[in-house]
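*Asks:* One structure, pasted below without further comment.
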Amino acid sequence: MLPDFRSDVLRSPLHDAGGVFRTTLDRRILNQRLIGGILAATLLAALFHQNNPFEQLALTAMAVLMGALLAALTFTRLPLLTVQVTGLLGGWAYLLAKTAYVLFALPGDAGLPMLMGLAPWAAVLLAAHLWILGARRSAVLNAAALGSMGALLLIKLVLAPAAAHSSVTGTLLQMLLASAVLLFGQRHAAQRLRADVRRAVLGQDTAGLDALTGLPDRVTLERQLEGLFQQDPEQLVVAAIGVDTPGGQPADATFQPRLAAHVSRVLMGTVRDQDLLGCLGDGVAALVMRAPDARSARAACERLRVRVASRPLDGMNPTVTIGVVYADGHLDALALLRAAEDTLSAARRSGTNRVLLGPVITGEAHEAAEHLPPQALPA
Numbered sequence: 001m002l003p004d005f006r007s008d009v010l011r012s013p014l015h016d017a018g019g020v021f022r023t024t025l026d027r028r029i030l031n032q033r034l035i036g037g038i039l040a041a042t043l044l045a046a047l048f049h050q051n052n053p054f055e056q057l058a059l060t061a062m063a064v065l066m067g068a069l070l071a072a073l074t075f076t077r078l079p080l081l082t083v084q085v086t087g088l089l090g091g092w093a094y095l096l097a098k099t100a101y102v103l104f105a106l107p108g109d110a111g112l113p114m115l116m117g118l119a120p121w122a123a124v125l126l127a128a129h130l131w132i133l134g135a136r137r138s139a140v141l142n143a144a145a146l147g148s149m150g151a152l153l154l155i156k157l158v159l160a161p162a163a164a165h166s167s168v169t170g171t172l173l174q175m176l177l178a179s180a181v182l183l184f185g186q187r188h189a190a191q192r193l194r195a196d197v198r199r200a201v202l203g204q205d206t207a208g209l210d211a212l213t214g215l216p217d218r219v220t221l222e223r224q225l226e227g228l229f230q231q232d233p234e235q236l237v238v239a240a241i242g243v244d245t246p247g248g249q250p251a252d253a254t255f256q257p258r259l260a261a262h263v264s265r266v267l268m269g270t271v272r273d274q275d276l277l278g279c280l281g282d283g284v285a286a287l288v289m290r291a292p293d294a295r296s297a298r299a300a301c302e303r304l305r306v307r308v309a310s311r312p313l314d315g316m317n318p319t320v321t322i323g324v325v326y327a328d329g330h331l332d333a334l335a336l337l338r339a340a341e342d343t344l345s346a347a348r349r350s351g352t353n354r355v356l357l358g359p360v361i362t363g364e365a366h367e368a369a370e371h372l373p374p375q376a377l378p379a
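Residues 1 to 379 (the UniProt record's numbering) make up the sequence shown, in order.
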């Protein structure tokens, strides 16, 4: 998860307000919807091309293929990659067959309208390779697809040199050039995105990010927290998360910074995208989220504490101590953050690897409050 500095980042759905773990989209369901849409588009295209014998045959074959893939996704556990690659190959088979039909079966420029309608789908298929297969594996299929299209054009020019001046040849050549530019730009964008992600995660050369953890620093976090509080103070939760120092810590002086970075990566990979993580320094992170009530906020932090403990580093299970404060209308934004830090300090005085719901009691009752057991989790 990358730090999100938008002011509306905590606008989460009501049904997810009490959680803290990120939610993931079921890729099989997403592909079912995508293939279902392609199937519907194929059937619709078949209605508009009832007088074209090639389209009737090719679109019928595509509809059967898409229907079979949709059924496989719905009723079997066929690997998703197999379904995706089969769909890609089917799409390219249709595109290349249609290109060959325009070049060799239709006279002159009669197939130009068909070729123009094909151009956007060629771009979609080229882009889909990178979406589905990744940069390395998509290179082979991209080269094979464009090479096949170029080979068809070359065969046409060898058999009919006069076709070099036709509109169909010019259009197909433009499609090939545009596809090459698209592939170059897409790969450059992917490389740039990887570099941006690396800088964001590592906090390198990025203003407002902590260099060790890659999380927003205290100044950035306070600014975002104030904006969120002004926007809507209701159901706002601030948790200060302190990384505990292990008793059997290795002699390596770099272990504690590595531990803090490790815990930060676990937190970034666990909390929801709409929640806000920040770094307060000295091995303390801050989590800003929304929850329906204080008990739900404490329960969410307990689950987060357990998740961190389940991700070992160098054979050791790290632990965190969390002080959590729920907005009750009596504290402003920065006071909420300070109260969460004070609650963390109080929790650490009573032990480690625990969650304490604050704000802590101050004054004469402070000593007595430290000896109270942690609040029980809701059933």
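Yeah, the Cβ is synthetic: ideal placement off N, Cα and C, and Gly gets one too.
So for P359, helix, strand or coil by DSSP?
*Replies:* In this structure, P359 counts as coil in the three-state DSSP scheme.
*Asks:* Can you tell me whether R33 is buried or exposed? The criterion is at least 16 other CB atoms within 10 Å of its CB, across all chains shown.
*Replies:* Flag for R33 reads exposed.
*Asks:* Spell out a yes or no on whether the region 50-66 and the region 96-104 are touching, meaning 3 or more CB-CB pairs, one atom from each, closer than 8 Å.
*Replies:* Cβ pair count under 8 Å is three or more, so yes.
*Asks:* Between which two residues does the alpha helix (DSSP H) containing H150 stretch?
*Replies:* Checking the displayed sequence, the identity of residue 150 turns out to be Gly instead of His. First-last of the alpha helix (DSSP H) with G150: 112-159.
*Asks:* Can you grab the Cα-Cα spacing for the pair L182 / T319, in whole Å?
*Replies:* Cα-Cα distance, rounded: 47 Å.
*Asks:* Pull up the CB-CB distance for L334 and E234, whole angstroms please, since I reckon it's below 8 Å.
*Replies:* Between E234 and L334 the Cβ distance is about 18 Å, and since that is not below 8 Å, they are no contact.
*Asks:* Determine the contact status of L88 and L141, defining contact as a CB-CB distance below 8 Å.
*Replies:* Yes.
*Asks:* Under the assumption that N31 contacts V102 (Cβ atoms under 8 Å), give the Cβ distance between them as a whole number of angstroms.
*Replies:* Between V102 and N31 the Cβ distance is about 30 Å, and since that is not below 8 Å, they are no contact.
*Asks:* Pick out whichever of A339, I322, L221, A261 has its Cα sitting closest to the Cα of G351.
*Replies:* Of the candidates A339, I322, L221, A261, the one whose C-alpha sits nearest the C-alpha of G351 is I322.
*Asks:* Does the beta-carbon distance from A297 to V324 come in below 8 Å?
*Replies:* For A297 and V324, yes; Cβs fall inside 8 Å.
*Asks:* Could you tell me whether the region 106-113 touches the region 66-75, using the rule of 3 or more Cβ pairs below 8 Å?
*Replies:* At 8 Å Cβ cutoff, the stretches do not touch.
*Asks:* Classify T213 as buried or exposed, calling it buried when 16 or more other Cβ atoms lie within 10 Å of its own Cβ.
*Replies:* When all chains shown are included, T213 counts as buried.
*Asks:* Whole-angstrom Cβ separation of A240 and V284, contact assumed at under 8 Å?
*Replies:* At roughly 6 Å, the Cβ-Cβ gap stays under 8 Å, so A240 and V284 are in contact.
*Asks:* Please confirm whether A46 and A63 have their CB atoms less than 8 Å apart.
*Replies:* In contact: A46 and A63 (Cβ atoms closer than 8 Å).
*Asks:* Going by DSSP, what residue range makes up the alpha helix (DSSP H) through A285?
*Replies:* No alpha helix (DSSP H) contains A285, which is instead part of the beta strand (DSSP E) from 284-290.
*Asks:* Among A110, W131, A300, L146, whose alpha-carbon lies nearest the alpha-carbon of A122?
*Replies:* If we check each option's Cα against that of A122, L146 comes out closest.
*Asks:* Comparing alpha-carbon positions, which option in M149, L287, V271 lies nearest L177?
*Replies:* Checked all of M149, L287, V271; the closest Cα to L177 is M149.
*Asks:* Give the secondary structure of L277 by DSSP, where H, G and I count as helix, E and B as strand, and everything else as coil.
*Replies:* If DSSP states are grouped into helix, strand and coil, L277 belongs with the strands.
*Asks:* Taking 8 Å as the threshold, find out whether the region 300-312 comes into contact with the region 265-272 through three or more Cβ pairs.
*Replies:* Result yes; three or more Cβ-Cβ pairs closer than 8 Å.
*Asks:* What is the DSSP secondary structure of A240, counted as helix, strand or coil?
*Replies:* Correct three-state label for A240: strand.
*Asks:* Locate the alpha helix (DSSP H) running through G37, then write down its first and last residues.
*Replies:* Segment 27-48, the alpha helix (DSSP H) holding G37.
*Asks:* Does F229 pass the burial test, meaning 16 or more other C-beta atoms within 10 Å, or should it be called exposed?
*Replies:* When all chains shown are included, F229 counts as buried.
*Asks:* Relative to the alpha-carbon of V85, which residue among A128, R77, Q50 has its alpha-carbon at the smallest distance?
*Replies:* Comparing Cα-Cα distances from V85 to each of A128, R77, Q50, the minimum goes to A128.
*Asks:* Is T321 helix, strand or coil by DSSP?
*Replies:* The answer is strand: DSSP assigns T321 an E or B state.
*Asks:* Write down the C-beta distance between residue 397 and R218 rounded to the nearest angstrom, noting that I regard them as a contact closer than 8 Å.
*Replies:* The chain is shown from 1 up to 379; residue 397 falls before or after that span and cannot be answered.
*Asks:* Note the first and the last residue of the continuous alpha helix (DSSP H) segment covering L89.
*Replies:* Where L89 is concerned, the enclosing alpha helix (DSSP H) stretches over 80-104.
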